[in-house]
Each structure stands twice: as structure tokens, then as C-alpha cells.
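Accompanying notes for the structure given below.
Residue numbers (the working numbering): 437 to 904.
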């Protein structure tokens with residue numbers, strides 16, 4: 437279809453007929469203050485009709501977002517790094533109406549333009565609008581500088597249906613971990629010198645496979661001491677679980693799960709040493725996730741990637757928090773019956789995770805708020821687990837998954853015990869160390885571990901070897 441040129445008379449006629457839906461791409465940028473918050477507030481304002489209080493009619497719907505990309509300033513060099521992204525929208529607004537709406541949002545968010553292309557807390561630009569060419573004294577579509585800006589093209593390629601020409605400018609995607617503090621270092625998956633994050637496992641369950649009964653939800657003093665020790669040993673994320681996901685584990689009620697995780701989350705959030713630590717809740721239930729985030733959790737870690745509770749993805753989208761989508765088939769009780777991958781475990785896991793990413797985006801979860809997990813030990817045989825560890829780099833580079841951070845959990849798992857001949861799960865430290873090192877070598881951004889002190893040293897060494 438040939439591009440359509442909007443003339444001034446066409447713009448006038450735009451308002452005369454019935455409103456039609458149009459597809460547009462809007463660039464998002466910020467390099468002042470809490471950059472993620474500014475961008476997310478701008479997205480929320482778009483969907484609430486341009487009014488930060490949500491009191492106006494909704495005539496913009498965000499279909500999906502790109503990852504956020506961190507870049508150095510391009511024109512005025514003496515300023516802070518930018519976060520840049522793109523959102524694909526469906527709108528009833530004309531191009532000029534859309535421009536007015538975006539500029540109104542910038543004003544409401546307090547943007548002050550002191551220098552052309554200088555620092556700003558928020559920048560919103562229309563890149564594309566249907567397949568039209570639009571030109572007047574206020575607006576040019578396609579955006580006149582789009583093709584010279586890789587910080588626009590790269591996020592646009594996350595959302596566009598066709599591959600765009602990209603250069604080799606140093607850029608990395610940027611995934612925030614915390615809702616409560618922008619001081620916690622984000623995950624930057626393309627940064628070659630990045631440090632691997634350590635996620636500490638704190639199960640407040642009586643029946644988890646390796647640490648069941650070790651941490652009582654009622655002994656908050658013990659939980660606080662354990663969490664403080666894990667933080668001192670290098671953990672930057674603490675994962676709280678109140679429902680065992682080992683094969684055959686009985687399900688508990690949401691009420692019981694909440695009674696386990698909420699005291700732990702509140703106790704840890706109150707620790708001074710946890711001020712810049714992200715707390716994750718390991719749950720597949722939407723109501724548990726919501727209460728946990730309200731109690732201070734930052735991340736929802738869902739072993740089913742939102743498949744076991746139809747309300748989970750919409751709940752995460754509404755909360756605005758980061759989510760970890762793990763690959764699993766079936767449920768923890770049935771997953772071992774689904775460990776067949778005739779087309780290969782790596783491409784199949786990639787495709788099935790891509791489906792869950794699309795479901796998350798359709799529910800309104802921002803792409804920059806998604807972490808992926810290949811699900812080591814979940815609906816996988818020993819050979820599948822090893823193949824995933826050997827080929828983690830392939831997963832990271834799989835089309836459609838390139839910009840996401842990856843979490844890998846191998847700690848004390850059964851395949852480690854079988855290979856090393858260690859029956860007791862708590863004694864699988866050496867085998868876990870090798871698996872963790874392999875995960876770092878393959879590009880894991882987060883490793884989820886029980887033995888934080890020991891694995892902290894393993895990660896430090898692996899980072900020294902591989903993150904150079």
C-alpha cells in the first residue's frame with residue numbers, strides 16, 4: 437500500500453466523518469530524575485485520556501511497548517544518559533490531535549525545554565501514523581530525524597513487524613527491578629561488563645524440596661537475620677515463596693499462602709540493609725501477587741508465566757511491577773508428563789516463552805518490565821536441562837527475545853543430584869556451583885540460589901572470567 441499524504445483540507449475533513457482507529461508509534465525518552473517513572477507515567481497518561489487523574493475519555497490504547505534502551509546523548513553531549521523506548525498505539529485522534537495530547541502530557545509531567553535537544557524529564561514524539569506522510573509547520577510524519585537515530589530505530593524494531601536497519605552504537609536494554617527505589621541497579625542484558633544479579637531463595641513453606649520448614653513465616657526475627665545475611669553475601673533480590681512447586685506438592689489456599697509470605701515481605705522490607713534490594717514473590721496466584729506487591733514486593737515470579745491464573749497478567753499490568761515469566765508446561769503436579777520436545781527443547785522453549793510474552797503484552801505489561809526464565813527442572817528431563825544450559829546464548833538471541841534479561845535457577849535441583857551422585861538436596865553445593873558458572877557463561881542476568889554466600893563467590897569468579 438502506497439503512503440498517503442495528509443493535506444490541510446484532509447485534516448479538516450478528518451473531523452467531519454465517524455472516528456476510525458489508527459495505528460501509530462510514539463517515541464519515549466527521558467534523561468532526568470527517575471527516568472523509568474517518567475516514561476511509565478507518560479504511558480499511563482496516554483491511556484487515561486491525557487489526564488494524569490484518568491478523568492478524561494480514553495482515545496489512545498497502548499498495544500505494546502518496546503524494551504527500554506539506555507544510550508549516551510547524541511546531539512548535546514554534556515548531559516546524562518537517556519532511556520529511550522517506543523510504544524505502539526491504537527488511537528481515534530488525528531495526527532495534530534495526537535500531537536496536542538502528547539504535548540499536554542509533557543506539560544503535565546513538568547517538562548521544561550531550556551536547550552534544544554538538551555536534558556528533559558520526558559520527551560514524546562510521533563514517529564509513524566498508519567502509512568501516512570504528514571507535513572505542516574508543527575508536525576512531520578514520519579519523524580524527520582528518525583532514520584539517523586539508532587536510539588529510535590532499535591526500540592522501534594522491538595515493536596515493528598519488519599526488521600529495521602540498525603548500526604553498532606553502544607546500547608543496552610534496561611530492565612528496572614524495583615518499584616520502590618530507582619537506586620537499585622537495573623538489569624542491562626547487552627552490557628558486556630554487567631554483574632550477574634544473585635536472587636536469594638527464602639521459602640516460608642514446610643514442604644519445599646530442599647529447604648522446607650527451614651524458615652517459619654511466624655519467626656520474623658529469624659527471617660530478618662537470614663535476609664540480612666544473604667544481602668551481606670551479595671544478594672540483590674530476595675525471592676519469597678509460600679507455595680511449594682516441587683512435583684506432587686499439595687496446593688495450599690490463597691489465604692494460607694498470604695499468611696506465609698506477607699509477614700516475611702514486611703519484615704524484610706523494614707530492614708535498613710534492604711532499602712535498595714528487590715523483593716520477589718514466588719507465586720502463580722493473582723490475588724497473592726497483588727497483596728504481596730502492596731506489602732512491599734517489587735517483582736512477581738510466576739512459574740506458569742501467567743498461565744495458571746487467568747487474572748495474573750492483567751493484575752501485574754495494573755500493578756505496574758516487573759514480572760518473571762518462566763517456561764513450564766501443565767502444573768507442578770503434572771509437568772513431568774509434558775517433557776517431550778520433538779522439535780528440540782531450545783527452539784520450543786523459546787517459541788512457547790514468546791507466546792507468553794505476547795500474552796503479557798496483550799494484557800498491558802510493559803516489555804521493559806519482563807524477565808524470562810527457561811524453567812530448568814520444570815517439564816524438562818536431565819538432558820533437556822543440560823541442553824538449555826549449554827545453549828542459553830541461543831535463547832538470548834532468539835528472534836523476538838533478544839532484549840530480555842534471563843533468570844536461571846539450577847540450585848540443588850534433582851538433575852544436579854543425579855549427575856553428582858548426591859541424594860540430599862542441601863548437599864548439592866558443588867554441582868550447583870558448576871551449573872551456576874555455566875549459566876553465567878551463557879549470559880544469565882540473574883541466578884536464583886539457596887547457598888548465597890557460596891554462590892556469591894562462584895558468581896564473582898564467573899563474572900571475572902566471562903563479563904569482560
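Note that beta-carbon positions come from the ideal geometry of N, C-alpha and C, so glycine has one too.
This one's a predicted model, so the numbers in the text were calculated from it and none came from an experiment.
Note down the Cα distance separating residue i from residue j, rounded to an integer number of angstroms.
| i | j | result |
| --- | --- | --- |
| residue 696 | residue 726 | 15 Å |
| residue 849 | residue 637 | 13 Å |
| residue 747 | residue 722 | 6 Å |
| residue 530 | residue 891 | 55 Å |
| residue 592 | residue 858 | 49 Å |
| residue 646 | residue 663 | Residue placement at residue 646 is poorly supported in this model, since its pLDDT is 49, which falls under 50; the coordinates still yield a value, given next. In a straight line, the C-alpha of residue 646 is about 18 Å away from that of residue 663. |
| residue 874 | residue 820 | 15 Å |
| residue 576 | residue 536 | 14 Å |
| residue 641 | residue 585 | 51 Å |
| residue 760 | residue 843 | 8 Å |
| residue 628 | residue 903 | 6 Å |
| residue 800 | residue 538 | 20 Å |
| residue 706 | residue 659 | 12 Å |
| residue 865 | residue 673 | 20 Å |
| residue 503 | residue 780 | 28 Å |
| residue 896 | residue 671 | 12 Å |
| residue 905 | residue 854 | With the chain covering only 437 through 904, there is no way to say anything about residue 905. |
| residue 698 | residue 728 | 6 Å |
| residue 838 | residue 561 | 25 Å |
| residue 491 | residue 499 | Residue confidence for residue 491 is low, a pLDDT of 46 falling below 50, so the modelled location carries little weight and cannot support an answer. |
| residue 872 | residue 701 | 26 Å |
| residue 768 | residue 472 | 35 Å |
Taking buried to mean at least 16 other C-beta atoms within 10 Å of its own C-beta, is residue i buried or exposed?
| i | result |
| --- | --- |
| residue 551 | exposed |
| residue 474 | buried |
| residue 867 | buried |
| residue 737 | buried |
| residue 862 | exposed |
| residue 901 | exposed |
| residue 506 | buried |
| residue 519 | buried |
| residue 708 | exposed |
| residue 608 | buried |
| residue 557 | buried |
| residue 567 | exposed |
| residue 815 | buried |
| residue 534 | buried |
| residue 564 | buried |
| residue 542 | buried |
| residue 569 | exposed |
| residue 455 | exposed |
| residue 749 | buried |
Would you kindly report the start and end of the unbroken alpha helix (DSSP H) that includes residue i?
| i | result |
| --- | --- |
| residue 790 | 781–799 |
| residue 818 | 818–826 |
| residue 895 | 888–902 |
| residue 588 | 586–595 |
| residue 537 | 531–544 |
| residue 755 | 748–755 |
How is the beta strand (DSSP E) around residue i delimited, first residue to last?
| i | result |
| --- | --- |
| residue 872 | Here residue 872 belongs to no beta strand (DSSP E); instead the alpha helix (DSSP H) covers 865–878. |
| residue 505 | 504–507 |
| residue 524 | 518–527 |
| residue 760 | 758–762 |
| residue 814 | Looking at the DSSP string, residue 814 is not in any beta strand (DSSP E), and its letter there is neither H nor E. |
| residue 568 | 568–571 |
| residue 497 | 496–501 |
| residue 640 | Unbroken run through residue 640: none, as it is neither H nor E. |
| residue 856 | From DSSP, residue 856 is part of no beta strand (DSSP E) but of the alpha helix (DSSP H) over 850–856. |
| residue 459 | 458–466 |
| residue 473 | Segment 471–483 is the alpha helix (DSSP H) holding residue 473; no beta strand (DSSP E) there. |
| residue 883 | 882–885 |
| residue 609 | 608–610 |
| residue 565 | 559–565 |
Between residue i and residue j, which are expected to be in contact by the criterion C-beta below 8 Å, what is the C-beta distance as a whole number of angstroms?
| i | j | result |
| --- | --- | --- |
| residue 632 | residue 899 | 6 Å |
| residue 460 | residue 527 | 6 Å |
| residue 880 | residue 817 | In fact, because the Cβ distance is near 21 Å, the residues do not count as touching under 8 Å. |
| residue 692 | residue 719 | With a Cβ gap of about 12 Å, residue 692 and residue 719 do not count as contacting. |
| residue 589 | residue 734 | Not a contact, Cβ separation roughly 31 Å. |
| residue 634 | residue 793 | No, residue 634 and residue 793 are not in contact; Cβ-Cβ is about 25 Å, not under 8 Å. |
| residue 796 | residue 742 | 6 Å |
| residue 790 | residue 732 | Contact doesn't hold; Cβ gap of about 31 Å is too wide. |
| residue 525 | residue 547 | Not really, about 19 Å apart at Cβ, beyond 8 Å. |
| residue 595 | residue 802 | At roughly 12 Å, the Cβ-Cβ gap does not stay under 8 Å, so residue 595 and residue 802 are not in contact. |
| residue 555 | residue 516 | 7 Å |
| residue 712 | residue 782 | The pair is not a contact, with the Cβ atoms about 35 Å apart (cut-off 8 Å). |
| residue 639 | residue 677 | 4 Å |
| residue 715 | residue 758 | The Cβ separation is near 11 Å, so there is no contact. |
- Task: Starting from the N-terminal side, write out each stretch of the beta strand (DSSP E) that is 3 residues or longer and does not extend beyond the region 664–740.
- Result: 673–677, 714–718 and 735–738
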